[in-house]
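Numbering (full-length UniProt numbering), first residue to last: 1 to 851.
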């Protein structure tokens, strides 16, 4: 070996310096590799491939999905009987869809108007009184001839009309008839685990009493969570040294078992160690065996890079060890820790659990005496490809900031001891390049020095770990996730970001093979007392759909933070299966949405003497007229001559009386029926209606309640398309009164932005090319909400509340997986819960259903 560096690294067993997991491997140059030590935990997928697919409804009825000719279309659970039905959506009159109609996966039908003979009476009323009731300037000039015609028409049709619409579900919203029958992949309560599951996958979210130990006696798993180690498993122990020339490599060390060294070292020799943090973007620590195990590549530049990497391996590893030795002796210590040397390769049996040591680097950083940072010019700059110019060495500040961009260096810095400052060492280039101390930085100053882009958020995390500011668990996890999302990484596992995040948490779940990023985050959230973080997350509506804003960049379209949302349900487990971001939810309120047709809605008004008399008159007019006619036809005349009934016949007065009563009832019938539909409602039947497009709100109110008198209003804060302003003008009565406006669509100028020369577009066709405009009508809250979605949602599930309103996820139904897919989130008034039923445990996906 060179220049007094007496430890023969190449002669050491491969397992002594082989990287054991992606979090350590992530410290390098981006290459397509295979993980040398894959975590041997299998997925708990119990799907029966090759068998017929069935759907089981809430009444235990099975349907063979493979025999359903309409299997590719959207389905929903019919609230009246719980059976599957094909979604049929009515289109608002006058709405012309800009999207390709061929992309619909549901049946679309134009609005057909009133529903047969039942709506004839209300049509007669609207014909007679429209110019008076709904006009801004009432015109009674034509009432003199319309009124008698209306009286006659209503007399013969009121008996068949929809005068009192039928109440459904006792005035409540249509229920969601759903029941889930399958096992959860990871249940919150471990007693719900599938009994015959023999998978090595962690199967519980609640800690238990089980303790799993390795061959060396250390705890590897403690109650289903990753056990903490108070000391590293291995350490680099300095055996001889020349303190005057140690920076030149005049020392020897050996990688030893920590427990063994603790038993043998002298009592006056400290057992503390220095933690060396670096990134493989700057230090090439892949051995030739590592590079040979990578997946083949056809890229000539990548091939040339791999060919040159072994030439940097020995020198870079020597300099890392030198930095560790220099820092240790400077602190009066005899040990240092470098991941590439001190994380052993997993073996067989229980010793194979040592693979989780790569997830315990946070424990190593916490237990260190101090941490030092090693920087060097980038490996990619030092590997000169044929024909590429030589690159100048980078300044130390830029190298430190490049170190800070890597995923795993952030938790290492946060968990480093605060009592000692962080010392930065620079490794020089060249065959004789040494190492030197460049700067000493206080931990609280690292945010401003090394993190120029997101230093404000990193500083909050530093303050938390220095105990100057205490973050709640939900703030810690969300802020940590935001910061880690900005870091660069080589993706050796789908869940690398969450594996880095879990180093900041108290309870750490056991990682397993094939775990998705969301599953790992959900497991971490449910395992810790995270103040219902996951329940809050499902209430958020990201600003953009279809992966434009991934779920881990926690952003809400209304700008609400997670801790301002209060959940109204509980997540009972992680569902798993083919769909990602899927959980099981229990306790949410829900209602079904009617898309097929608009029907008259029952309403309740104050019972006054006039209204009671009016109802009796409207019901009695046909009856009086019928009795009078029948009486005349059945009275026997005194002789055979015409008109010879005689005044003495006592029955002659009966038809006269009923003719008079019929005439009076017919005379007041139009006005009596009009009084039924006019005025304020005390209550209404709770129904959620859906339409494709944006209907005219006056037309909508006429279809539901007979006449338009401004009782239905646009939702002021219901969706991201809702608009409102302070009410001004002649109608203003209250100071700061909020007025809801028609939703803003493409090529329309918002009234509260008129004159500003700005046309905001909330219908960006490039961003929403697969989304459509839908309208939700709530007859109980008397609001109309316009929203965008890919599929027409068939249920509204209230999952939480914030800002005085309820967060309702509008979901479509995937009948193949029995999953509700979140299409969008709307805000509803709190009173809707008075008419909603709770939904039993259901399968919920945060991803909207693809077309």
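Glycine included, each C-beta is placed from N, C-alpha and C at the ideal position.
All values derive from a computational prediction rather than experimental measurement.
> If we count the other Cβ atoms within 10 Å of its Cβ and call it buried at 16 or more, is residue 655 buried or exposed?
Replying inline: buried
> Is there at least one non-hydrogen atom of the ligand GTP closer than 7 Å to the beta-carbon of residue 807?
Replying inline: Among the components modelled here there is no ligand, and therefore nothing to report on the ligand GTP.
>> Closest to residue 107 by C-alpha separation, out of 339, 803, 89, 95, would be which residue?
In response: 89
> Which residue from 181, 214, 824, 336 puts its Cα closest to that of residue 227?
Replying inline: 214
> Quick one: what does DSSP say residue 505 is sitting in, helix, strand or coil?
Replying inline: coil
> In this structure, what does DSSP give as the bridge partners for residue 187?
Replying inline: 573
> Should residue 666 go down as buried or exposed, given a rule of 16 or more other Cβ atoms within 10 Å for buried?
Replying inline: buried
> Which stretch, first to last residue, makes up the beta strand (DSSP E) that contains residue 283?
Replying inline: Per DSSP, residue 283 belongs to no beta strand (DSSP E) and is neither H nor E.
> Taking the alpha carbon of residue 175 as the point to measure from, which residue in 241, 148, 82 has its own alpha carbon closest?
Replying inline: 82
>> Pairs of beta-carbons, one from the stretch 363 to 374 and one from the stretch 284 to 293, closer than 8 Å: are there three or more?
In response: no
> Distance, Cα to Cα, residue 292 vs residue 303?
Replying inline: 11 Å
>> Whether or not the stretch 185 to 192 and the stretch 60 to 72 are in contact is what I'm after, with contact meaning three or more pairs of Cβ atoms, one per stretch, closer than 8 Å; do they touch?
In response: no
> DSSP beta-bridge partners for residue 337?
Replying inline: 275
>> Given this structure, state the Cα-to-Cα distance separating residue 727 from residue 713, to the nearest angstrom.
In response: 14 Å
> Since residue 785 is in the beta strand (DSSP E), which residue starts that stretch and which ends it?
Replying inline: 783 to 789
> Does the distance from the C-beta atom of residue 785 to that of residue 708 stay below 8 Å?
Replying inline: no
>> Taking a contact to mean a Cβ-Cβ separation below 8 Å, would you say residue 703 touches residue 602 in this structure?
In response: no
>> So if DSSP puts residue 566 in a beta bridge, which residue, or which two residues, is it bridged to?
In response: 801
> Of all the options 821, 807, 239, which has the alpha carbon lying nearest to the alpha carbon of residue 813?
Replying inline: 821
> The alpha helix (DSSP H) spanning residue 591 covers which residue range?
Replying inline: First-last for residue 591: 589 to 592, but that is the beta strand (DSSP E), not the alpha helix (DSSP H).
> Counting pairs of beta carbons, one from the stretch 481 to 494 and one from the stretch 405 to 415, are three or more of them closer than 8 Å?
Replying inline: yes
> Does the Cβ-Cβ distance between residue 334 and residue 237 come in under 8 Å?
Replying inline: yes
> For residue 662, which of helix, strand or coil comes out of DSSP?
Replying inline: helix
> What separation, rounded to the nearest whole angstrom, lies between the Cα atoms of residue 672 and residue 614?
Replying inline: 5 Å
> How far does the beta strand (DSSP E) with residue 371 in it reach, from first residue to last?
Replying inline: 370 to 375
> Would you call residue 738 buried or exposed, if buried means 16 or more other Cβ atoms sit within 10 Å of its Cβ?
Replying inline: exposed
>> Going by DSSP in three states, residue 415 sits in which element: helix, strand or coil?
In response: helix
>> Any beta carbon of chain C sitting closer than 8 Å to that of residue 531?
In response: You won't find chain C in this structure, because it holds only one protein chain.
>> Using DSSP's beta-bridge definition, name the partner residues of residue 820.
In response: 813, 844
>> For residue 695 and residue 457, what's the separation of their Cα atoms in angstroms?
In response: 45 Å
> Going by the beta-carbon positions, is the gap between residue 795 and residue 572 smaller than 8 Å?
Replying inline: no
> Quick one: what's got a C-beta closer than 6 Å to residue 683's C-beta in the same chain, skipping five residues either side?
Replying inline: 604
> Taking residue 771 as the reference, which of 804, 806, 824 has the closest Cα?
Replying inline: 824
>> Tell me the DSSP secondary structure of residue 851 in three-state form.
In response: coil
> Are residue 541 and residue 529 touching if we call contact CB-CB under 8 Å?
Replying inline: no
>> With a threshold of 7 Å on Cβ separation, who are the neighbours of residue 430 within its own chain once the five nearest residues in sequence on each side are excluded?
In response: none
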